[in-house]
């Protein structure tokens, strides 16, 4: 069985972060391992507290995983400080990780900042150049490039500009643009593709970015090429959002139905 690793923060509400990543791995048929970088006190209404784990704990978790598991792909999510980013970057370089999916998580769905401002340079200089693919959304792309992205043509230009930071591929996600469709742009050397799906009206979208990126990581771990991995993950994220519209979990931005392909029962009957 293929094995993948997520390095990210814990969401006590279970909708995003490590919890969403492991659910996405499982839904794709990949065995998931995890390294927790931060513990957030969080629910569907927002983040109330963040506790960053000591660096030696993060490093020892990574060492433990690579000492015993055959990791085919690594996905990073919430790495909130420059010191955490550098420690993770150094360890992954030490283990010569080839398939690294970097989701540059910056802000939670409720608006809480998950990446310290002084950590952005470390992200750009140390971690992104190691990435096989980075998966920023529009707002993260704007922040990284210090520009505005207003339409699909802006997205194409921005994605190509983001590639100059050193990753092999960039998937710029366009769900935040005002449009009937959520269109994402994938660029790489000799690659420029778009992936589109009709937007679904739902407030239950907590963890969408984490789920999309970790799903891509899972399919890369299974040996899919980049186009097939992104397309399969795009199809999956559409289905989990569509099947989450009436979940009724929490009073804010509700979670996704990660196991929408699996029959579930509402009661013991």
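Residue numbers (the numbering used here): 12 to 280. No residue lacks a Cβ here, since even glycine has one placed at the ideal position from N, Cα and C.
What are the uninterrupted segments assigned as beta strand (DSSP E) that are 3 or more residues long and contained completely in the segment 64-94, given in chain order? 82-87
As assigned by DSSP and simplified to three states, the class of residue 111: Against the chain shown, residue 111 aligns to sequence position 100. It is a strand residue.
Would you tell me roughly how many angstroms separate the C-alpha atoms of residue 40 and residue 159, rounded to the nearest one? Here residue 40 refers to the residue found at position 29 of the chain shown. Here residue 159 refers to the residue found at position 148 of the chain shown. Whole-angstrom Cα-Cα distance: 38 Å.
Should residue 85 be labelled buried (16 or more other beta-carbon atoms within 10 Å of its own) or exposed? On the chain shown, residue 85 is found 74 positions in, with the first residue counted as 1. Its Cβ being crowded by 16 or more others within 10 Å, residue 85 is buried.
Over the uninterrupted alpha helix (DSSP H) stretch that includes residue 248, give me the two end residues. What you label residue 248 is simply residue 237 of the chain shown in a count that begins at 1. First-last of the alpha helix (DSSP H) with residue 248: 237-253.
Could you check where the beta strand (DSSP E) with residue 53 kicks off and where it finishes? Residue 53 sits at position 42 when you count from the first residue of the chain shown. Segment 42-54, the beta strand (DSSP E) holding residue 53.
Can you give me the Cβ contacts of residue 218 inside the same chain, cut-off strictly under 7 Å, excluding the 5 residues immediately before and after it? If you number the chain shown from 1, residue 218 lands on position 207. Excluding sequence neighbours, residue 218 sits near 26, 27, 31, 266 and 267.
Closer than 8 Å is the cut-off here; do at least three beta carbon pairs connect the segment 85-96 with the segment 217-233? yes
Do you know offhand how far residue 113's Cα is from residue 38's? On the chain shown, position 102 is the one that residue 113 refers to. On the chain shown, position 27 is the one that residue 38 refers to. Cα to Cα, residue 113 sits roughly 20 Å from residue 38.
With DSSP run on the structure shown, which of helix, strand or coil describes residue 20? The residue given as residue 20 occupies position 9 in the chain shown. If DSSP states are grouped into helix, strand and coil, residue 20 belongs with the strands.
Is residue 57 helix, strand or coil by DSSP? Here residue 57 refers to the residue found at position 46 of the chain shown. DSSP places residue 57 in strand when its eight states are reduced to three.
Which residue wins for smallest C-alpha separation from residue 19, given the options 256, 92, 42 and 190? As a first step, residue 19 must be located in the chain shown, where it is residue number 8. Of the candidates 256, 92, 42 and 190, the one whose C-alpha sits nearest the C-alpha of residue 19 is 92.
Is it buried or exposed, residue 78, if we count other Cβ atoms within 10 angstroms and call 16 or more buried? For the purposes of this step, residue 78 is taken as the residue at position 67 of the chain shown. By the 10 Å Cβ count, residue 78 comes out exposed.
For a quick check, are the C-beta atoms of residue 251 and residue 264 less than 7 Å apart? The count along the chain shown starts at 1 and reaches residue 251 at position 240. The count along the chain shown starts at 1 and reaches residue 264 at position 253. Their beta carbons are not under 7 Å apart, which means residue 251 does not touch residue 264 by this criterion.
Work out the CA separation of residue 102 and residue 138 for me, nearest whole Å. The residue you call residue 138 lines up with position 127 of the chain shown. The residue you call residue 102 lines up with position 91 of the chain shown. So the two alpha carbons sit approximately 11 Å from each other.
Based on DSSP bridge pairs, tell me the residues matched to residue 25. As a working mapping, residue 25 is identified with position 14 in the chain shown. According to DSSP, residue 25 bridges with nothing at all.
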